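Residue numbers (the working numbering), protein chains in the order written: chain A, 1 to 278; chain B, 279 to 556; chain C, 557 to 834.
Glycine included, each C-beta is placed from N, C-alpha and C at the ideal position.
If you're wondering where the values come from, they're calculated on a predicted model, not measured in any experiment.
Working notes for the structure below.
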């Protein structure tokens, strides 16, 4: 299985699918092609949320504002998953989440860590469409290298790492671009100063403040405005604002049947100061 | 085969696909993920239109403004199809359409009716993402329960009903939320007072007035404004308004190469008074 | 494999998938369902770009402003691909590109040319949804007619042409609607007067001026305004305008991390006068 996630819109991802289908019969599943444009951090947020739901797969993730520069391409192994991506850090947060969720035996070192490989890139046909010319064929080839092991049912993190290490086009590396989500400043037990990481299609403004910071039934101030904390949107009347803990585990600023970003005046990168009223 | 229809936008449906793929190799086909947000009636309209085109399948349909409340989850059998959905009525109109289109022998009672089962729900991981935590795994499990029968080629409505009845997590129920589309008031043979049910991506304003009410070549007044009835958009010049009978069988208010909703000033829920000029 | 490309938005393409799945188990891959509405020329541009990436397939392409009129439906063979489309010319440019890219032996006449077949159309169920009632079932039937040859591994352009010619519903024809992209006027070695063919999702304004007209490092005037020619977006600071040669081989007017159409004031069909400053 190969999943595809890009900020390419339409119809560019179809060219990637054609290229992949020339190399492998692997199932292709779209994760998203409308990831926030040119924002590797937002891509990392969404992939960290979505990819751990999948069984072992090769994930081709291309949000690549540096396309055509000398940034490298990487393949990141995490558990028995592999993420193929530009070396701009977007693969690391989802890789760590995959490693954490797929660890089985505590003794199995490989399953707890991630391996980063640099991809040797042939001169691509274009300077602007590496999704088609670099990342799609790399994902297809890695899938083909891994698949015989999967069919033999011997797949595990170590076997995956070994298969990647045996590919001539991959070289293990410690030099790669990292990406860590900003940590909120927790002033005291009652105030967290975080920021908005992403806004989802519902208009929910998702912050980096961990969900454990609030409790159902609290009231909190979000940048000074008092709203209830609810477990579900329906805990407040339609059109009212609230704070919930989303399925990704973070505090988000919402409206029941409306857009939280507009009602709270919050955009990606804005400060979100959450104070508990107790 | 499992079809997926939600109002989730992107990338939430990908999390559902990951969950399903952990449980089954069933083909997954997207019906839509941009159904009108929080509007089970519009979802019911579209699914009633689309699902009868499919061969027997499990359809996972999630438009769920009540997520996190105590609304139940249901599995509705219709013919040898099953719709998994929140119990807000959205499954009933498409289920009735599936039952009507898949009935074979008049003597086979099961094929003419629908069966509604309540789904026993484990405590979901989230209060806000039952698409991933409740509906996707339920659809996958139902698919797995039905699939051996399909492979044996013995599938029919009765076998499907029996397979569902045998699942411990399903309980047949008569208590469920219904949904009936509003009927237009037909004052006399020449005036129907209906409403706009949905507006499609082309801007066609689709009413609940049955297509049989108008005839090709008629002129009608729509809320007082006189337009021709045409079989095709091209029956009027580009940019002109007309009334057609859409492929769903209802009167719709259109513009050739333009948006009918804007030209007629019609939105979802608005009254549409159609009078025949003869 | 059947690819699907339409301007139908959502959820109409799902009805086509249901119809196809009733007839064949062929894999279905979405190319795009948001092609510029009612614009066969733009559809032809995108399909010419995307389809040659695919291995042999049946491509169902429906951008059909003449739906319901007496325009014909065609199946166009190119190499061992087939495009099923309304007879409005949209299939010809991608078919020529497929023929050029799949030609193997120079002696094999069939691989260099394209064959156009008119599709005999049963009275369709609707006058407005031939995607579902005409093109999807035709694509499915053609796929089924070709597939045994593919499995026998004897597929090539001649075999594909023969299989189509043997289908009772197809009749070879020389009378069909053509479509040729407008050629730019190249006044002299330093000035090309072209037009904007399409604007992509990034806002890149793609012209019909061939990429060979400019060189990396040139400066050019676009409708009088001086900008650099760069190989990649990142060759200019963020927010700056530039001209690049896109992966489709044409000159496009871009902004690094922004929308070229807005910055240059260019829309589809606008004149783009490109002068080299040397």
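- With respect to chain B, the C-beta atom of residue 30 of chain A has a partner C-beta closer than 9 angstroms.
- Here the alpha carbon of residue 146 of chain A sits roughly 11 angstroms from the alpha carbon of residue 26 of chain A.
- Straight-line measurement puts the Cα of residue 126 of chain A at about 5 angstroms from the Cα of residue 803 of chain C.
- When C-beta distances to chain C are compared with 9 angstroms, the residues of the segment 313-347 of chain B below that value are 313, 324, 325, 327, 328, 329, 330, 331, 332, 333 and 335, in chain order.
- By the C-beta criterion, the segment 569-582 of chain C is judged not to be in contact with the segment 602-610 of chain C, since fewer than 3 inter-stretch pairs fall below 8 angstroms.
- Look at the beta carbons and you see the segment 682-701 of chain C not touching the segment 742-756 of chain C: under three pairs across the two are nearer than 8 angstroms.
- Between residue 138 of chain A and residue 42 of chain A, the CB-CB gap reaches or exceeds 9 angstroms.
- In the DSSP assignment, residue 476 of chain B falls outside any alpha helix (DSSP H) and lies within the beta strand (DSSP E) extending over 469-477.
- With contacts defined as CB atoms closer than 9 angstroms, residue 65 of chain A and residue 789 of chain C qualify as a contacting pair.
- For residue 232 of chain A, there is no enclosing beta strand (DSSP E), as DSSP marks it with neither H nor E.
- Only 681, 682, 683, 684, 685, 688 and 689 from the segment 672-704 of chain C bring a Cβ to less than 8 angstroms from some Cβ of chain B.
- 9 angstroms or more divides the Cβ of residue 276 of chain A from the Cβ of residue 222 of chain A.
- Take residue 76 of chain A, set aside five residues on each side of it, and the residues of its chain with a beta-carbon closer than 6 angstroms to its own are 83, 91, 95, 114 and 116, in chain order.
- Residue-level contact by beta carbon holds for residue 568 of chain C and chain B, with a gap shorter than 9 angstroms.
- Looking at the DSSP output, residue 485 of chain B bridges to B:474.
- Look at the segment 301-374 of chain B and you find these whole runs of alpha helix (DSSP H), each 4 residues long or longer: 318-328.
- A straight-line Cα-Cα distance of about 14 angstroms links residue 769 of chain C and residue 787 of chain C.
- By the C-beta density criterion, residue 461 of chain B is exposed, having fewer than 16 other C-beta atoms within 10 angstroms.
- Counting along the chain, residue 532 of chain B sits inside the beta strand (DSSP E) bounded by residues 528-533.
- In the displayed model, residue 159 of chain A falls within a helix according to three-state DSSP.
- The C-beta of residue 19 of chain A comes closer than 9 angstroms to at least one C-beta of chain C.
- When only Cα atoms are considered, residue 5 of chain A and residue 264 of chain A end up about 29 angstroms apart.
- Rounded to whole angstroms, the separation of the alpha carbons of residue 243 of chain A and residue 218 of chain A is 9 angstroms.
- Residues of chain B whose Cβ lies closer than 7 angstroms to the Cβ of residue 578 of chain C are, in chain order, 333.
- Excluding sequence positions up to five before and after residue 515 of chain B, its CB lies within less than 8 angstroms of the CB of 534, all in the same chain and listed in chain order.
- At least 9 angstroms separates the CB of residue 261 of chain A from every CB of chain B.
- With respect to chain A, the C-beta atom of residue 634 of chain C has no partner C-beta closer than 9 angstroms.
- Annotation: the continuous beta strand (DSSP E) that includes residue 465 of chain B extends over 463-466.
- Under the criterion of beta carbons closer than 8 angstroms, residue 720 of chain C and residue 645 of chain C do not qualify as touching, at roughly 19 angstroms.
- Around residue 565 of chain C, the beta-carbon contacts reaching into chain B at under 8 angstroms are 478, 479 and 480.
- For residue 822 of chain C, the secondary structure class from DSSP, reduced to helix, strand or coil, is coil.
- At least one CB atom of chain A sits nearer than 9 angstroms to the CB of residue 589 of chain C.
- Rounded to the nearest whole angstrom, the CA to CA distance from residue 28 of chain A to residue 18 of chain A is 11 angstroms.
- Shown in chain order are the members of the segment 509-520 of chain B whose Cβ falls below 9 angstroms from a Cβ of chain C: 509, 510, 511, 512, 513 and 516.
- Here residue 148 of chain A is exposed. Its C-beta has fewer than 16 other C-beta atoms within 10 Å.
- Sequence-distant Cβ neighbours of residue 135 of chain A in its own chain, meaning closer than 6 angstroms and more than five residues away, are 60, 62 and 84.
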